[in-house]
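>
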Amino acid sequence: MSNPKQAAQGSAATAQRTLKFDEMPPLQKVKFVLKVAVCMISFGFIYPHILD
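Heads up: the sequence shown runs through residues 928 to 979, numbered per our numbering.
#1: Put M951 into one of helix, strand or coil per three-state DSSP.
#2: Pull up the distance between the alpha-carbon of V980 and that of R944, whole angstroms please.
#3: Given a cut-off of 8 angstroms, decide if K956 and F948 are closer than it, judged by their beta-carbon atoms.
#4: I need the DSSP call for F959, collapsed to helix, strand or coil.
See the structure below:
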């Protein structure tokens, strides 16, 4: 794809670049770490796609 904002072929959604952990604001980092902890404690039943 020549345009990084273009979505995959056949997709109606626009492609979005995800933030890296270093680029997240502090509050968002705390939320992410808590979600990962809950995911690990629940063996992935809660927030199953957190690390995708």
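Glycine included, every Cβ here is placed at the ideal spot set by N, Cα and C.
In this structure, then:
#1: In this structure, M951 counts as coil in the three-state DSSP scheme.
#2: Summary: the structure shown does not reach residue 980, with the chain confined to residues 928 through 979, and so no result is reported for it.
#3: Their beta carbons are under 8 angstroms apart, which means F948 touches K956 by this criterion.
#4: Looking at F959 - three-state DSSP - the assignment turns out to be helix.
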